[in-house]
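This report refers to the structure that appears directly beneath it.
There are 2 protein chains.
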Amino acid sequence: MGYDLKPSPFAPERFPDMPEIAGATLFTTASGLKYQGRDDLLLVLLEEGTAAAGVFTRSATAAAPVHWCRRALRESGGQARMLVVNAGNANAFTGRAGEETARITAEEAARLVDAAPQQVQVSSTGVIGEPFEASGLTRHFPAMLAGAPATWEEAARAIMTTDTYPKGAAATCTVNGKQVRICGIAKGSGMIAPNMATMLAYVFTDAAVPAPLLQKLLAEVVEETFNRITVDGDTSTNDTVLAFATGKGGAKVEGDDTETLSVFRKALHAVCLDLALQIVRDGEGISKFVAVHVKGAPDEAAARAVGMSIANSPLVKTAVAGEDPNWGRIVMAVGKAGVPVDQQKLEIFIGGQLVARNGAVVPEYSESAAAEHMRGREIDIAVDLHMGKAALTVWTCDLTHAYIDINADYRS
Amino acid sequence: MGYDLKPSPFAPERFPDMPEIAGATLFTTASGLKYQGRDDLLLVLLEEGTAAAGVFTRSATAAAPVHWCRRALRESGGQARMLVVNAGNANAFTGRAGEETARITAEEAARLVDAAPQQVQVSSTGVIGEPFEASGLTRHFPAMLAGAPATWEEAARAIMTTDTYPKGAAATCTVNGKQVRICGIAKGSGMIAPNMATMLAYVFTDAAVPAPLLQKLLAEVVEETFNRITVDGDTSTNDTVLAFATGKGGAKVEGDDTETLSVFRKALHAVCLDLALQIVRDGEGISKFVAVHVKGAPDEAAARAVGMSIANSPLVKTAVAGEDPNWGRIVMAVGKAGVPVDQQKLEIFIGGQLVARNGAVVPEYSESAAAEHMRGREIDIAVDLHMGKAALTVWTCDLTHAYIDINADYRS
Numbered sequence: 069m070g071y072d073l074k075p076s077p078f079a080p081e082r083f084p085d086m087p088e089i090a091g092a093t094l095f096t097t098a099s100g101l102k103y104q105g106r107d108d109l110l111l112v113l114l115e116e117g118t119a120a121a122g123v124f125t126r127s128a129t130a131a132a133p134v135h136w137c138r139r140a141l142r143e144s145g146g147q148a149r150m151l152v153v154n155a156g157n158a159n160a161f162t163g164r165a166g167e168e169t170a171r172i173t174a175e176e177a178a179r180l181v182d183a184a185p186q187q188v189q190v191s192s193t194g195v196i197g198e199p200f201e202a203s204g205l206t207r208h209f210p211a212m213l214a215g216a217p218a219t220w221e222e223a224a225r226a227i228m229t230t231d232t233y234p235k236g237a238a239a240t241c242t243v244n245g246k247q248v249r250i251c252g253i254a255k256g257s258g259m260i261a262p263n264m265a266t267m268l269a270y271v272f273t274d275a276a277v278p279a280p281l282l283q284k285l286l287a288e289v290v291e292e293t294f295n296r297i298t299v300d301g302d303t304s305t306n307d308t309v310l311a312f313a314t315g316k317g318g319a320k321v322e323g324d325d326t327e328t329l330s331v332f333r334k335a336l337h338a339v340c341l342d343l344a345l346q347i348v349r350d351g352e353g354i355s356k357f358v359a360v361h362v363k364g365a366p367d368e369a370a371a372r373a374v375g376m377s378i379a380n381s382p383l384v385k386t387a388v389a390g391e392d393p394n395w396g397r398i399v400m401a402v403g404k405a406g407v408p409v410d411q412q413k414l415e416i417f418i419g420g421q422l423v424a425r426n427g428a429v430v431p432e433y434s435e436s437a438a439a440e441h442m443r444g445r446e447i448d449i450a451v452d453l454h455m456g457k458a459a460l461t462v463w464t465c466d467l468t469h470a471y472i473d474i475n476a477d478y479r480s
Numbered sequence: 069m070g071y072d073l074k075p076s077p078f079a080p081e082r083f084p085d086m087p088e089i090a091g092a093t094l095f096t097t098a099s100g101l102k103y104q105g106r107d108d109l110l111l112v113l114l115e116e117g118t119a120a121a122g123v124f125t126r127s128a129t130a131a132a133p134v135h136w137c138r139r140a141l142r143e144s145g146g147q148a149r150m151l152v153v154n155a156g157n158a159n160a161f162t163g164r165a166g167e168e169t170a171r172i173t174a175e176e177a178a179r180l181v182d183a184a185p186q187q188v189q190v191s192s193t194g195v196i197g198e199p200f201e202a203s204g205l206t207r208h209f210p211a212m213l214a215g216a217p218a219t220w221e222e223a224a225r226a227i228m229t230t231d232t233y234p235k236g237a238a239a240t241c242t243v244n245g246k247q248v249r250i251c252g253i254a255k256g257s258g259m260i261a262p263n264m265a266t267m268l269a270y271v272f273t274d275a276a277v278p279a280p281l282l283q284k285l286l287a288e289v290v291e292e293t294f295n296r297i298t299v300d301g302d303t304s305t306n307d308t309v310l311a312f313a314t315g316k317g318g319a320k321v322e323g324d325d326t327e328t329l330s331v332f333r334k335a336l337h338a339v340c341l342d343l344a345l346q347i348v349r350d351g352e353g354i355s356k357f358v359a360v361h362v363k364g365a366p367d368e369a370a371a372r373a374v375g376m377s378i379a380n381s382p383l384v385k386t387a388v389a390g391e392d393p394n395w396g397r398i399v400m401a402v403g404k405a406g407v408p409v410d411q412q413k414l415e416i417f418i419g420g421q422l423v424a425r426n427g428a429v430v431p432e433y434s435e436s437a438a439a440e441h442m443r444g445r446e447i448d449i450a451v452d453l454h455m456g457k458a459a460l461t462v463w464t465c466d467l468t469h470a471y472i473d474i475n476a477d478y479r480s
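Residue numbers (our numbering), protein chains in the order written: chain A, 69 to 480; chain B, 69 to 480.
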């Protein structure tokens, strides 16, 4: 990489404490495939009986490993014994050779643990369009499984590309008197966009959750977390969120127990939201974190369209970078969202301060107070459409010179 | 403006030669409303019998002058005696006061030429959300109309905001043995986006064209020209394209004469396309001009969606800025366009060279040749979806540091 990545100003001081998940063991190594001097290959060994669920990119040019994962989940009935993730090469738009690489990777991993290839989930992230041999990964598998297990932090580091810090989150909850642990790791910094299961994220729990229920919960929670963040509006070919429930912790989550379900869903939501926000806070070139709250929308789709229109607007994002409370650009972004907003009813807030109402700026608006808010690191924009009751928040970052530095020179 | 605008590398050496249009007289002045030391107010006096047509932004937060123009065109049956354009203040999201400003501006202009207010078209461009008094414009009208007429170049300069050069284009054609002159001026540099009548552009002809026919032709041609360019994907609240046919040149264009219609339409198309491309070539921060050709699409909407997805992708635009033939990002942008593309059939070309086919890079691909093309100023990207017969081209520019400089600091 030609550009020297500076750490995000939101980089946490240290990786969070995360408990072990019974039935899931992590291994990492340096594959030598692309990066020098760092681990870039992750294996997660899952005990028999682990349920798996996945949500993937909606890109029409989805990568080979995404195709593999979708089919493997379907053919295995949502069972998994292994997860393989490599960073540095996305195995996307690599044609038949790429499909072979994904298949052979899964077959070799499966052979080592005496499982069906469909019980192996495979993910790749990195450059698009450069085929590589499965052996570049598989030749490391026996030594990895024979070696010492890795920590969550090591696992999170092994899947990074332009990320400037490793991302992990954990939650616990108690269902029917038994403790449930949920741990997740994620990577992502650029090519982060709406309307899909964003980037690579893996969530593990020791609860027993039937695969169809796990799939339903994951899809719902992804919609409310990963699908509400954006860095640059560009949707990846490899976006993948996978959840694994080993069932080795003793707790059971079942569909007909609404109390249990609600507790577990809340913990799963907390882990996914934490990871999603960590991705935004490490958005390529970020200097400010932006929450865009939309309320009074006629329905959730309209709320999301308005929120994403603001969050993806280059003019809003550069205004934030320039610490300019340029609320006219928020008006512009609301207007282009494709929602029949009535500008006479629209209210706009910056940092909690009402800026505009009745189609114009309010007399008591203090631009100096808004400018003061914009000089902070956490920017809060809110719009109330006064059209209905739907409300939601999307999260993004600003658009800075560093984004251009990183992306005008990433491949070289 | 805090940022010192550098001229676009595509700035032409000189403004084009443009003939006078009989029945249309231009006047400019410095209103003192916002800019210092430059003309920022344009009046175009149109002789009686001038037909008018307009295409406007589809923004839900459209500005007061856009509301005025739509209603005035409807109520006047497409007749116009005057056009008023001010630069520096968009009169957008200015509430009831803004609507009053547009109305009073039209009434004052109409009074001076003894016309109905609905025969005055009014446009504004500049900052959003700051109301201003109509008198700031109207107090200059009598002196302007009494003074010397302006040239096309002076008129084009008077409507600029972040533009780095004035934009004009002209064409002539002959219908039924009579010469037709078509002249247009435009402004626009940022907040340029698809799915609307982009920015401010005014086209004048001395042919006689009935207003409903002029409206039909303008709408068709705008769809093929202004609606196929993008700088940053941000749709303005004030986008306006107006056409005026004075009928003072002697030529008549009528709907039942298909030969005449075709000749006139072609000339109108040439003027609009020329202006649209001048807007892209002055895109905020531009270093390279990019043509994105899409063919083999199932229909025009799909072709446009794929073309705009490529043209608006920050990752494609920064790769162009970095002179990197990063075709994987083109794959990504095709994939996220919402069109069910078959990646096995997709072909990608850079600078005319086939890069990828059958879901992978082709063996004969020369990255050095592609890199050489990327070092040029005019970048050519093409994709063939092999799904059908629809084809079109969209035009854009790259995303550079200068875009951020301009937009992080425009208001201050």
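C-beta atoms are modelled at their ideal positions from N, C-alpha and C, and glycine is treated no differently.
Using a Cβ-Cβ cut-off of 8 Å (strictly less than) and excluding sequence neighbours within five positions of residue i, which residues of its own chain qualify?
i	result
residue 76 (chain A)	232, 233, 349, 350, 351, 354
residue 78 (chain B)	349, 350, 354, 357, 445
residue 87 (chain B)	238, 240, 249, 251
residue 435 (chain B)	393
residue 119 (chain A)	146, 147, 148, 276, 277, 278, 279, 282, 312, 313, 315
Could you tell me which of the options sits nearest to residue i, measuring between CA atoms?
i	options	result
residue 467 (chain A)	A:206, A:168, A:379, A:198	A:379
residue 169 (chain A)	A:347, A:154, A:243	A:154
residue 422 (chain A)	A:159, A:449, A:120, A:411	A:449
residue 460 (chain B)	B:307, B:374, B:103, B:332	B:374
residue 173 (chain A)	A:252, A:192, A:428	A:192
residue 346 (chain A)	A:377, A:268, A:397, A:320	A:268
residue 207 (chain A)	A:463, A:344, A:109	A:109
residue 142 (chain B)	B:152, B:291, B:187, B:437	B:187
Within 10 angstroms of its Cβ, does residue i collect 16 or more other Cβ (buried), or is it exposed?
i	result
residue 431 (chain B)	exposed
residue 85 (chain A)	exposed
residue 198 (chain B)	buried
residue 266 (chain B)	For residue 266 (chain B), the predicted structure reports a pLDDT of 41, less than 50, and the residue's modelled location is therefore unreliable. A value from the coordinates is still provided. That one is buried.
residue 133 (chain B)	buried
residue 330 (chain B)	exposed
residue 381 (chain A)	buried
residue 324 (chain A)	exposed
residue 144 (chain A)	buried
residue 91 (chain A)	buried
residue 476 (chain A)	buried
residue 242 (chain B)	exposed
residue 262 (chain A)	At residue 262 (chain A), the pLDDT of 40 sits below 50, so the modelled position is not reliable; the number obtained from the coordinates is stated separately. Its Cβ being crowded by 16 or more others within 10 Å, residue 262 (chain A) is buried.
residue 457 (chain B)	exposed
residue 210 (chain A)	exposed
residue 327 (chain A)	exposed
Sorted by chain position, which residues of the same chain lie with C-beta nearer than 6 Å to residue i's C-beta, five sequence neighbours on each side aside?
i	result
residue 289 (chain A)	336, 337, 340
residue 264 (chain B)	Legend: pLDDT at residue 264 (chain B) = 39, less than 50; position of this residue unreliable, value from coordinates given subsequently. Hits under 6 Å: 125, 126, 303, 307.
residue 225 (chain B)	234
residue 471 (chain A)	352, 353
residue 394 (chain B)	387
residue 363 (chain A)	452, 459
residue 411 (chain B)	427
Identify, in the order they occur along the chain, each residue of the same chain with its Cβ nearer than 7 Å to the Cβ of residue i, setting aside the five sequence neighbours on each side.
i	result
residue 106 (chain B)	98
residue 285 (chain A)	333, 336
Practice problem: Using a Cβ-Cβ cut-off of less than 9 Å, list which residues of the region 435-446 of chain A approach chain B; keep chain order. | Solution: none
Review point. Quick one: any contact between the region 121-136 of chain A and the region 90-101 of chain A, if contact means 3 or more CB pairs under 8 Å?
Key: no
| request: Examine the Cβ distances between the region 363-371 of chain A and the region 381-401 of chain A and report whether three or more of them are shorter than 8 Å. | output: no
Does the region 214-226 of chain A touch the region 179-195 of chain A, meaning 3 or more C-beta pairs lie closer than 8 Å?
-> no
Note to self: Any contact between the region 405-416 of chain A and the region 202-209 of chain B? By contact I mean 3 or more CB pairs, one from each, below 8 Å.
What the structure shows: Counting Cβ pairs under 8 Å, fewer than three are found: no touch.
*Touching by the beta-carbon criterion (3+ pairs, under 8 Å), the region 439-453 of chain B and the region 355-362 of chain B*: yes
Residues in the region 186-200 of chain A having any Cβ partner in chain B nearer than 8 Å = 195, 196, 197, 198, 199
Q.
Measuring CB atoms only, is the region 107-115 of chain B touching the region 273-282 of chain B, in the sense that at least three cross pairs come out at less than 8 Å?
A. no
Positions along the region 334-356 of chain B whose CB lies within less than 8 Å of some CB in chain A: none
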